[in-house]
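Participant: Before I ask anything, here is the structure I am working with.
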Amino acid sequence: MGKPVTIAPKSDSLTVRDERTGKTYSIPITDNTIPATAFKAIKAPRREGEREENETERGLRVSDRGFLNTAVIQSEITYIDGDNGILRYRGYPIEQLAERSSFLEVAYLLIYGSLPTKSQHQSFEDEIMHHSIVHIDAEGLFRAFRYDAHPMSILTSAFAALGSFYEEANPSLRGQNLYTKGDTESLAIMDKQIFRLIGKATTFAAMAYRVRQGRGFITPPNGLSYTGSFLYQLDRLGEHSYVPSPVLEKALDILFILHADHELNASATTVLQAGSSLVDPYSAISTGCASLYGPLHGGANEAVIRMLISIGSPDNVPAFIEAVKRREKVLSGFGHRYSDPRSFIIRKTADEVFKVTGKDPLLETAMRLHDLAMKDEFFTSRRLAPNVDFCGLIYRAMGFPLDFFPVLFAVPRVVGWLAHWRQMMLQKGGVKIWRPRQIYVGAPKRDFVPIEERVEEDAQDPRRSPRIVPHTGQSKRTALAEYRGKSKL
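With the UniProt record's numbering applied, the sequence shown corresponds to residues 1 to 489, in that order.
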């Protein structure tokens, strides 16, 4: 028999050999993660003819377009396992929270890390509802928007403007360590801004809605839940003892729980990017709204409804599916490459809503689309499953206009944004400004050319010069007029 082979225990490290220099590097692995900065130590002399802009002698850079596999922060908030359809807030499965909890209870969990006791919940709710009332000057801001302004534009602007109301909340005025000290006074200031932002989120959203409707604003009522107060502010027109439908109130509360956080999505990352400069939280939350506004993010559930409207009826679904497979149509609402656990909760919630509102006529089209897509190898092989964007059917059944859907996404997501922002402010080692690198592929060094000697570059590439904008009306008439100072080309 041969001698036994002794296998040395494996170390938690990654060994990299740079074939340019023959050197070997050992990079530590912690929590299945390697530090990108470790690659800065992998340097090589610049080769003859190589671009100086590559900065080869300064170490390797890690290219990850769109942050597809780059971790930027350690977090204790939300865990997502897309392959197995798992979503947990602070360790609690989303299914349990949606069935047994309330939105403000989940908000407390996300922000502070544990489910509140009865007294903690009562105190938290009291503060949130107390801070739902806005300064009267805010009404002037809302009235300044055009009657047809998109409600997400209004909401984004309102959050940004809110920071100007509270000087004590601005690190630029009160010191850059205002939120990072972690002492009792700093935490109290932070909590007050959290109360204000969550409380005013529904008020601002309702005000944006009523501007579009040409209605006066409603003072947040006493004695209603968070979502009940929201519905009251949206809809009351002077009726005595107005109480929103408990079915719609509960449905909205569940949807708010489902939308409260989804890890480092585009908007949460935008909030942290802005927050890393130690800007005030109102400005940071405003950037989250701006990011959420985009059609690849918060605007997706609106896109689902527009898609269903364009299909028309269940009979047209097979032809639509074939058009998608030919890349002639875009299938919205199937963007997640896994079975989103939220979609099953939404289906159950939809059934409850439809009992009181009646079924949305688009429901049959949506279900037909779902069934055919889930049986089609084109979609199953790509692991394309229906996602949470089908909640638009519930919003539509509840009577909300399409362009208000992103606002209904933004209101609960304020909680998730604040949870991530607070975590970053209090992280060990302090806050370091986020400053990603780029890969420069532009022109090398070149000398300035006087304007008289310049020739047009890349005339065949339309991206290399601005387009000529056609002018009509007054602009056209002014262009034909003569006046002092008119440029002569």
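The beta-carbon is built from N, C-alpha and C at its ideal position, and this holds for glycine as well.
Can you check which of these residues, 449, 425, 466, 455, is closest to residue 111 by C-alpha distance?
Facilitator: Residue 425 is the option with its Cα nearest to residue 111.
Participant: If you draw a straight line from the C-alpha of residue 138 to the C-alpha of residue 36, how long is it?
Facilitator: When rounded, the distance between both Cα atoms is 45 Å.
Participant: Please return the same chain residues whose Cβ sits closer than 7 Å to the Cβ of residue 456, not counting the five positions on each side in sequence.
Facilitator: Nothing listed; no residue qualifies.
Participant: So what's residue 16 in DSSP terms, helix, strand or just coil?
Facilitator: Correct three-state label for residue 16: strand.
Participant: Say whether the region 237 to 256 touches the region 81 to 88, bearing in mind that this needs 3 or more beta-carbon pairs closer than 8 Å, one atom from each stretch.
Facilitator: These segments do not touch.
Participant: Can you name the start and end residues of the beta strand (DSSP E) that residue 450 belongs to?
Facilitator: Neither: residue 450 is in no beta strand (DSSP E) and is coded neither H nor E.
Participant: Let's see if you can read the secondary structure: which residues bound the beta strand (DSSP E) around residue 88?
Facilitator: 86 to 89 is the extent of the beta strand (DSSP E) around residue 88.
Participant: If we count the other Cβ atoms within 10 Å of its Cβ and call it buried at 16 or more, is residue 259 buried or exposed?
Facilitator: Buried, because 16 or more other Cβ atoms sit within 10 Å of the Cβ of residue 259.
Participant: Can you give the Cα-Cα distance for residue 214 and residue 237, rounded to whole angstroms?
Facilitator: So the two alpha carbons sit approximately 12 Å from each other.
Participant: With a threshold of 7 Å on Cβ separation, who are the neighbours of residue 271 within its own chain once the five nearest residues in sequence on each side are excluded?
Facilitator: So the list reads 284, 285, 287, 288, 417, 420, 421, once near-sequence residues are dropped.
Participant: Quick check on DSSP: helix, strand or coil for residue 27?
Facilitator: Strand.
Participant: Using the DSSP secondary-structure output, state which residues sit across from residue 80 in a beta bridge.
Facilitator: Answer by DSSP bridge pairing, in chain order: 87.
Participant: If you measure between the beta carbons of residue 105 and residue 121, is that distance less than 8 Å?
Facilitator: Taking 8 Å as the Cβ cut-off, residue 105 and residue 121 qualify as a contacting pair.
Participant: Specify, as a first and last residue, the run of the alpha helix (DSSP H) that residue 131 falls within.
Facilitator: Counting along the chain, residue 131 falls outside any alpha helix (DSSP H), and DSSP gives it neither H nor E.
Participant: Among 200, 375, 471, 113, which one has its Cα closest to the Cα of residue 128?
Facilitator: Considering only alpha carbons, the answer is 200.
Participant: For residue 33, does the three-state DSSP call read helix, strand or coil?
Facilitator: Note: residue 33 maps to strand in three-state DSSP.
Participant: Under 8 Å between the Cβ atoms of residue 233 and residue 434?
Facilitator: No, the Cβ-Cβ distance between residue 233 and residue 434 is not below 8 Å.
Participant: My understanding is that residue 415 touches residue 198, with C-beta atoms under 8 Å, so please give their C-beta distance in whole angstroms.
Facilitator: Contact holds; Cβ gap of about 6 Å.
Participant: Once DSSP output is grouped into helix, strand and coil, what is the label at residue 479?
Facilitator: Helix.
Participant: For a quick check, are the C-beta atoms of residue 262 and residue 70 less than 8 Å apart?
Facilitator: No, the pair does not count as a contact, with Cβ atoms beyond the cut-off.
Participant: When you compare the region 356 to 370 with the region 294 to 314, are there three or more beta-carbon pairs, one atom per stretch, that lie closer than 8 Å?
Facilitator: The answer is yes - the region 294 to 314 touches the region 356 to 370, with three or more Cβ pairs under 8 Å.
Participant: Does the Cβ-Cβ distance between residue 27 and residue 44 come in under 8 Å?
Facilitator: For residue 27 and residue 44, no; Cβs fall outside 8 Å.
Participant: Assign residue 179 to one of three DSSP states: helix, strand, or coil.
Facilitator: The answer is coil: DSSP assigns residue 179 none of H, G, I, E or B.
Participant: Have a look at residue 185 and residue 163 and give me their C-alpha separation to the nearest angstrom.
Facilitator: The alpha-carbon atoms of residue 185 and residue 163 are separated by roughly 19 Å.
Participant: Confirm, please, whether the CB-CB distance from residue 147 to residue 124 is below 8 Å.
Facilitator: It is not a contact, given that the beta carbons lie outside the stated cut-off.
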